[in-house]
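Peer 1:
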Amino acid sequence: MRWDGEVCIVSGDNRAWGSSNNPKTVIELWCRSREGHSVVLLVNGLSPYLEISESQTIGNQEPTKSLEVVSQMSEVTEPPILVGEKLSQDGKVRNHYRVMIKDTRFVRNLRKRLIEIGWKVTSADILFVHRLLLDLDLGPHIATDGEVLWAGPRAPSHLASKFEGKRVEAAERIRDIGGSGLYPCDMVVSCDIGELSRADPFPTPFVTLSFDLETSVRHNTILCAAVVVARGEERTEHEFRGPEKEILEGMTRLVRDEDPDFITGYNIDNFDLPRVLERAEENAGRSKFEQAALCGWGRVPAVESEQKRLRPSRRLNRVWDLTGRIPMDAWWQVRQTLRPERESLRFVANLLWPESEDKQKLDIDASKMDEEWRARPDEVMEYCVRDTHLPLDILAHLQSVERKEALAAVAKTTVETAATGTTSQWIDSLVIRLADKEEIAVPMTQSGPRRRDQIAGGYVHEVEPGLKPWVAVLDFKSMYPSIMISQNICSTTLVRDESKEESHNVSPEGTARYVSFDERKGLVPRLLSKLMEQRDYHKTELKKARESGDEEAVFLHDQLQYAVKILMNSFYGVFASSFYRFTHPDLGASITEWARHNIRTIIENVEKGGHNVVYSDTDSICVQAQVETDSPINKPPDDSLVYSDWLAAKEETLRTGNRLAEKFTKEGAELEFETALSAFFSHGAKKRYVGRVVWPREEMLIRGYEVRRTDSFRLLTSTMTEMFELILSNEEWSAVEMSKAVIDDVRGRRIEASDLVISRSCKGSLRRDGRVDFHKVYKNPDSLPYVRAAKQRIEAGLGFTPGMKVGWIVTNAKTSPMTVEAWMVDELGVEPPEYDPEFYAKRLATALGRITEAFHWNAKELLEGTRQQSIFDF
DNA sequence: CAGGTATCCTAC
DNA sequence: TAAGGTAGGATACCTG
Numbered sequence: 115m116r117w118d119g120e121v122c123i124v125s126g127d128n129r130a131w132g133s134s135n136n137p138k139t140v141i142e143l144w145c146r147s148r149e150g151h152s153v154v155l156l157v158n159g160l161s162p163y164l165e166i167s168e169s170q171t172i173g174n175q176e177p178t179k180s181l182e183v184v185s186q187m188s189e190v191t192e193p194p195i196l197v198g199e200k201l202s203q204d205g206k207v208r209n210h211y212r213v214m215i216k217d218t219r220f221v222r223n224l225r226k227r228l229i230e231i232g233w234k235v236t237s238a239d240i241l242f243v244h245r246l247l248l249d250l251d252l253g254p255h256i257a258t259d260g261e262v263l264w265a266g267p268r269a270p271s272h273l274a275s276k277f278e279g280k281r282v283e284a285a286e287r288i289r290d291i292g293g294s295g296l297y298p299c300d301m302v303v304s305c306d307i308g309e310l311s312r313a314d315p316f317p318t319p320f321v322t323l324s325f326d327l328e329t330s331v332r333h334n335t336i337l338c339a340a341v342v343v344a345r346g347e348e349r350t351e352h353e354f355r356g357p358e359k360e361i362l363e364g365m366t367r368l369v370r371d372e373d374p375d376f377i378t379g380y381n382i383d384n385f386d387l388p389r390v391l392e393r394a395e396e397n398a399g400r401s402k403f404e405q406a407a408l409c410g411w412g413r414v415p416a417v418e419s420e421q422k423r424l425r426p427s428r429r430l431n432r433v434w435d436l437t438g439r440i441p442m443d444a445w446w447q448v449r450q451t452l453r454p455e456r457e458s459l460r461f462v463a464n465l466l467w468p469e470s471e472d473k474q475k476l477d478i479d480a481s482k483m484d485e486e487w488r489a490r491p492d493e494v495m496e497y498c499v500r501d502t503h504l505p506l507d508i509l510a511h512l513q514s515v516e517r518k519e520a521l522a523a524v525a526k527t528t529v530e531t532a533a534t535g536t537t538s539q540w541i542d543s544l545v546i547r548l549a550d551k552e553e554i555a556v557p558m559t560q561s562g563p564r565r566r567d568q569i570a571g572g573y574v575h576e577v578e579p580g581l582k583p584w585v586a587v588l589d590f591k592s593m594y595p596s597i598m599i600s601q602n603i604c605s606t607t608l609v610r611d612e613s614k615e616e617s618h619n620v621s622p623e624g625t626a627r628y629v630s631f632d633e634r635k636g637l638v639p640r641l642l643s644k645l646m647e648q649r650d651y652h653k654t655e656l657k658k659a660r661e662s663g664d665e666e667a668v669f670l671h672d673q674l675q676y677a678v679k680i681l682m683n684s685f686y687g688v689f690a691s692s693f694y695r696f697t698h699p700d701l702g703a704s705i706t707e708w709a710r711h712n713i714r715t716i717i718e719n720v721e722k723g724g725h726n727v728v729y730s731d732t733d734s735i736c737v738q739a740q741v742e743t744d745s746p747i748n749k750p751p752d753d754s755l756v757y758s759d760w761l762a763a764k765e766e767t768l769r770t771g772n773r774l775a776e777k778f779t780k781e782g783a784e785l786e787f788e789t790a791l792s793a794f795f796s797h798g799a800k801k802r803y804v805g806r807v808v809w810p811r812e813e814m815l816i817r818g819y820e821v822r823r824t825d826s827f828r829l830l831t832s833t834m835t836e837m838f839e840l841i842l843s844n845e846e847w848s849a850v851e852m853s854k855a856v857i858d859d860v861r862g863r864r865i866e867a868s869d870l871v872i873s874r875s876c877k878g879s880l881r882r883d884g885r886v887d888f889h890k891v892y893k894n895p896d897s898l899p900y901v902r903a904a905k906q907r908i909e910a911g912l913g914f915t916p917g918m919k920v921g922w923i924v925t926n927a928k929t930s931p932m933t934v935e936a937w938m939v940d941e942l943g944v945e946p947p948e949y950d951p952e953f954y955a956k957r958l959a960t961a962l963g964r965i966t967e968a969f970h971w972n973a974k975e976l977l978e979g980t981r982q983q984s985i986f987d988f
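Rendered as structure tokens:
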């Protein structure tokens, strides 16, 4: 029986099968169909391989090394096949041979042996699933037509009915083509590589499961758990209580029944997942079979041979690996996209849904969970269920899943690689498939020449302290990608010998030269131009869809254009890194060389043209417009006499911006007029400035200052913001007075402690017993206020997971190190700590004084101004 | 108390 | 033993 349809690949893996005479490798693709069914595709027909070439010989003469020796190696299935000439990493062209391998597990060994006997080895470190997508030029969305080997109750009914009561036969047929048995999915479909093809991206109806554990503070045991499954708009709740073993069994059964693609929760990476594993081991003893029943969440049959893939496991470092599914911690998503001041679930819920009381109501004291559980288990359970819904709400709000899917579509990877992979994996996916097409050998990671010292980065212009009226801000559109395109920068176009052709693109400081675009187009420039076109396409389609009111298309194209942007911006970083497979030390260095050259040349020319360049950073430039000297910077009312003066100044600034953009834009370096400011202010430090934007919208622009920083405290942020408003309105005196008043308030303890919470992220190394070791990551952990605060949280039973932000109040700065108290009010509802007024007064004065110093009011004076008042206090 | 070191966070 | 980059500001702690 056959099934055809479109699916999105969640993740993939491979298994060896067949016989020693006829070894085969099947690729397992865990997918979700367009209609919502979970499908395991078992793909046969592709064999693992790598490529070899001679280290020395050039050209297409017969190899001096023996291909016969390679043929005889036990891991190799047939004599190497000549694939033709390919461009090697060192810039030379050589014959390359494909070596077919019995099993992916032998690759590492074979690689080593081939290198030992003098071969150059390429295309030898690519995961087999990636190989499938590369060779067939597939993305995550594919169409397939295959043989149905199993259809469960949730499969289309005409299929499901055929398999009723035939589990054993189905499992056997699956094993016959290389699968491991009855996968816990709606359907298992077998196909050949010829039966897969690309499909246009569509919004996949993924299923997400969220879970939360309530654990004993004293014994680390699980008291109860909740699971919420989101299938489309529908959510189902599940509660688990009773003996710990039954809780674990129940959850595992549910995961396998519901068969989600994503697993989420708040802090699951560092808390819930490790805890599930640890408790499963504790309850199951040594029996691996028992362990699988307690934590076998992987999307593979619950059989002995699958022990490894059944359990969640921590991949080399941070990310979790759960076969066939994607663990996605809502905490990490929040952190990356929202950057909240504090990261507790309570704080984030409050931030996102300030109106919704039920999401933040606090009625359980998590630090006394044992007592709470004993006294009122029903309320604890309710609290647990509510906290299980929140991660789903958060992911939906941040559109995390949709964004990963769009990135996967653009980078042509599985959704898993988009969600948990590294930027170099995304770039690999595009670059390798083009390299294969263009006869360019694919070197292994870490195989090229490596650089030890840093490359020079962007240029940052000095900034004078003070207020500058009427400034036009311009910047280069996608500066680094544009440079890479226009200079044809790529490891395949880098000139490695002494030849100096007229046509070469030579970097300004002479570090590198690249062959011209006409001679050979680099892989990277071509990919980047395509991505630029693709982004323009999605933007056009987005506009069209908006006009026609097609909301689904609006959503899709918006996600896709954003994903293209993310991907394009990742190129420079990867190619400037010291270890990427297609990089060379000169690549990154020459990109920034051109960047510095371009911006400096423009600064010079703008200044020659009589304009004052106020500031510049890497790809942006702030230029003063030449307006009438007494032009107002504050927008007067429409009917005011000076309104026309303000308007004239604004228009002159727009003219300046547009004129400069036109004048300095050249092929491959497009200078865009970004914003017009009626005033620009900096106290004289690079990367710290503010501006009042008057075009294209009206708003205040703040960069770098404490206002932008998540480790500032609320009072400082709000005071400084207010100060900037005044400064940008030419009311410096008021700014100073206002600051003094605030400093005075803090000294008089008239400020609420919640406005004084300082918070910073704190690292740590998680030990097997669940405790955190700070010495591994910090030289002198106890000298750091956030480590001291983290320790207090742990002490209080509130939990701390490495990497999270920790909030604290300084209660006495006279001690050394200063005394701090962790902020636990959000979570425990306790009384806030009593703060040290002098400390906060001083910190405010320092930060604000740095700014007022531009008007000759320093920190000391801000503090002194208040002293007179405190004399009266006595 | 000046200066150096460790650390975090941001701009681009 | 895993991996996008550099430039830059600021704070707390420690040392001599």
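In my numbering, the protein residues as written are 115 to 988. All C-beta atoms, glycine included, are put in the ideal place defined by N, C-alpha and C.
Locate the beta strand (DSSP E) running through Met214, then write down its first and last residues.
Peer 2: The residue labelled residue 214 in the question sits at position 100 within the first sequence. Val207 to Met214 is the span of the beta strand (DSSP E), which, as asked, contains Met214.
Peer 1: For Lys764, which residues of its own chain have a beta-carbon under 6 Å away from its beta-carbon, when the five flanking residues on both sides are left out?
Peer 2: Position 650 of the first sequence, counted from the start, is the residue given in the question as residue 764. Here the set comprises Val808.
Peer 1: Less than 8 Å between the C-beta atoms of Thr654 and Gly636, yes or no?
Peer 2: Here residue 654 is taken as the residue at index 540 of the first sequence, counted from 1. Here residue 636 is taken as the residue at index 522 of the first sequence, counted from 1. Not a contact, by the Cβ cut-off of 8 Å.
Peer 1: Can you tell which of Trp411, Ile382 and His352 has its C-alpha closest to the C-alpha of Thr915?
Peer 2: As a first step, residue 915 must be located in the first sequence, where it is residue number 801. Ranking Trp411, Ile382 and His352 by Cα distance to Thr915 puts Ile382 first.
Peer 1: Give the list of continuous alpha helix (DSSP H) stretches no shorter than 4 residues that lie fully inside the segment 277-331.
Peer 2: Listed in chain order, they are 281-290.
Peer 1: So if DSSP puts Met442 in a beta bridge, which residue, or which two residues, is it bridged to?
Peer 2: Start at 1 with the first residue of the first sequence, and residue 442 comes out as number 328. BP columns for Met442 point to Thr378.
Peer 1: Taking Tyr803 as the reference, give the member of Phe590, Val417, Arg817 and Cys409 with the closest Cα.
Peer 2: Along the first sequence, one-based indexing puts residue 803 at 689. Among Phe590, Val417, Arg817 and Cys409, the Cα nearest to that of Tyr803 belongs to Arg817.
Peer 1: Distance check for Asp950 and Arg490, CA to CA, integer angstroms please.
Peer 2: Residue numbering aside, residue 490 sits at position 376 when the first sequence is read from its first letter. Residue numbering aside, residue 950 sits at position 836 when the first sequence is read from its first letter. Computed Cα separation, rounded: 39 Å.
Peer 1: DSSP on Arg116, reduced to helix/strand/coil?
Peer 2: Here residue 116 refers to the residue found at position 2 of the first sequence. Arg116 falls in the strand class under three-state DSSP.
Peer 1: Between Glu120 and His255, is the Cβ-Cβ spacing less than 8 Å?
Peer 2: Walking along the first sequence from the start, residue 120 turns up at place 6. Walking along the first sequence from the start, residue 255 turns up at place 141. Contact flag set, yes.
Peer 1: To the nearest angstrom, how far is it from the Cα of Lys722 to the Cα of Val728?
Peer 2: Residue numbering aside, residue 722 sits at position 608 when the first sequence is read from its first letter. Residue numbering aside, residue 728 sits at position 614 when the first sequence is read from its first letter. Taking the straight line from one Cα to the other gives about 14 Å.
Peer 1: Let's test the definition: count the other Cβ atoms within 10 Å of the Cβ of Ala690 and tell me whether it reaches 16, buried, or not, exposed.
Peer 2: By one-based count along the first sequence, residue 690 stands at place 576. Answer is buried; the Cβ neighbour count reaches 16.
Peer 1: Provide the residue span of the beta strand (DSSP E) that contains Gly963, from first to last.
Peer 2: The residue you call residue 963 lines up with position 849 of the first sequence. Per DSSP, Gly963 belongs to no beta strand (DSSP E); it is in the alpha helix (DSSP H), Pro951 to Thr966.
Peer 1: With a CB to CB cut of under 6 Å and the five nearest residues on each side skipped, what residues in its chain are close to Glu260?
Peer 2: Residue numbering aside, residue 260 sits at position 146 when the first sequence is read from its first letter. The sequence as given places Gly at residue 260; Glu does not occur at that position. Only Val303, Ser304, Cys305 and Glu309 meet the Cβ criterion.
Peer 1: Using the rule of at least 16 other Cβ atoms within 10 Å of the residue's Cβ for burial, across every protein chain shown, is Pro415 buried or exposed?
Peer 2: Locating residue 415 in the first sequence gives position 301, where the first residue counts as 1. When all chains shown are included, Pro415 counts as buried.
Peer 1: Considering Cys604, what are the terminal residues of the alpha helix (DSSP H) in which it resides?
Peer 2: What you label residue 604 is simply residue 490 of the first sequence in a count that begins at 1. Note, Cys604: premise wrong, no alpha helix (DSSP H); not H, not E.
Peer 1: Which first and last residues belong to the beta strand (DSSP E) in which Phe795 is found?
Peer 2: Residue numbering aside, residue 795 sits at position 681 when the first sequence is read from its first letter. Taken as a continuous stretch (DSSP letters only), the beta strand (DSSP E) holding Phe795 covers Leu785 to Ser796.
Peer 1: Could you tell me the boundaries of the beta strand (DSSP E) in which Glu348 lies?
Peer 2: Position 234 of the first sequence, counted from the first residue, corresponds to residue 348. Unbroken beta strand (DSSP E) run through Glu348: Glu348 to Arg355.
Peer 1: Whole angstroms is fine: what's the gap from Ser662's alpha carbon to Val207's?
Peer 2: By 1-based counting over the first sequence, the position of residue 662 is 548. By 1-based counting over the first sequence, the position of residue 207 is 93. Ser662 and Val207: Cα-Cα distance of roughly 53 Å.
Peer 1: For Ile865, which of helix, strand or coil comes out of DSSP?
Peer 2: For the purposes of this step, residue 865 is taken as residue 751 along the first sequence, with counting starting at 1. Note: Ile865 maps to coil in three-state DSSP.
Peer 1: On the CB-based measure, 16 or more other CB atoms within 10 Å of its CB, does Trp847 come out buried or exposed?
Peer 2: Here residue 847 corresponds to residue number 733 of the first sequence, with the count starting at 1. Trp847 should be labelled exposed.
Peer 1: Could you tell me the alpha carbon to alpha carbon distance between Leu264 and Glu418, rounded to whole angstroms?
Peer 2: In the first sequence, counting from the first residue as 1, residue 264 sits at position 150. In the first sequence, counting from the first residue as 1, residue 418 sits at position 304. A small correction: the amino acid at residue 264 is Trp; Leu does not occupy that position in the sequence shown. Trp264 and Glu418: Cα-Cα distance of roughly 21 Å.
Peer 1: Tell me which residue opens and which closes the beta strand (DSSP E) that Asn972 is part of.
Peer 2: Position 858 of the first sequence, counted from the first residue, corresponds to residue 972. Here Asn972 belongs to no beta strand (DSSP E), and DSSP marks it neither H nor E.
Peer 1: Among the candidates Arg439, Glu457, Glu578 and Leu870, whose CA atom is the shortest distance from the CA of Ser730?
Peer 2: Numbered from 1 along the first sequence, position 616 holds the residue referred to as residue 730. Comparing Cα-Cα distances from Ser730 to each of Arg439, Glu457, Glu578 and Leu870, the minimum goes to Glu578.
Peer 1: Below 6 Å CB to CB, which residues in the same chain sit around Ser605 once its five sequence neighbours on both sides are set aside?
Peer 2: Counting from 1 along the first sequence, the entry for residue 605 is found at position 491. Within the same chain, Ser605 has close Cβ partners Phe696 and His698.
Peer 1: Classify Val924: buried if its beta carbon has 16 or more other beta carbons within 10 angstroms, exposed otherwise.
Peer 2: As a working note, residue 924 is residue 810 in the first sequence. Val924 should be labelled buried.
Peer 1: Three-state secondary structure (DSSP) at Glu189?
Peer 2: The residue given as residue 189 occupies position 75 in the first sequence. In this structure, Glu189 counts as coil in the three-state DSSP scheme.
Peer 1: Check Pro137 in the structure and name its three-state DSSP category.
Peer 2: Counting from one through the first sequence, the residue named residue 137 turns up at place 23. Looking at Pro137 - three-state DSSP - the assignment turns out to be strand.
Peer 1: Express the C-alpha separation of Gln738 and Lys644 in angstroms, rounding to a whole number.
Peer 2: For the purposes of this step, residue 644 is identified with residue 530 of the first sequence, where counting begins at 1. For the purposes of this step, residue 738 is identified with residue 624 of the first sequence, where counting begins at 1. Cα to Cα, the separation comes out at about 36 Å.
Peer 1: What residues in its chain sit with their C-beta under 6 Å from that of Ser692, if we drop five residues either side in the sequence?
Peer 2: The residue you call residue 692 lines up with position 578 of the first sequence. Contacts found: Arg564 and Arg565.
Peer 1: Go ahead and label Lys905 buried or exposed: buried means 16 or more other beta carbons lie within 10 angstroms of its beta carbon, across all protein chains shown.
Peer 2: The residue given as residue 905 occupies position 791 in the first sequence. Burial call: buried.
Peer 1: Only counting the same chain, and skipping five residues up and downstream in sequence, which positions put a Cβ closer than 6 Å to that of Ile539?
Peer 2: Working through the first sequence from its first residue, we reach residue 539 at position 425. Sequence check: residue 539 is Gln here, not Ile. Result list for Gln539: Thr531, in chain order.
Peer 1: Please give me, in chain order, every unbroken run of the beta strand (DSSP E) with length at least 3 that falls completely inside the segment 866-897.
Peer 2: Qualifying beta strand (DSSP E) stretches, in chain order: 872-875.
Peer 1: Checking the sheet assignment: what are the DSSP bridge partners for Leu164?
Peer 2: Here residue 164 is taken as the residue at index 50 of the first sequence, counted from 1. Paired residue(s): Val213.
Peer 1: Evaluate contact between the segment 441-450 and the segment 391-402, counting only Cβ atoms and requiring at least three cross-stretch pairs below 8 Å.
Peer 2: Not touching, per the Cβ criterion.
Peer 1: Give the DSSP bridge partners of Trp233, in chain order.
Peer 2: Start at 1 with the first residue of the first sequence, and residue 233 comes out as number 119. The partner list for Trp233 (beta bridge, DSSP) reads Glu168.
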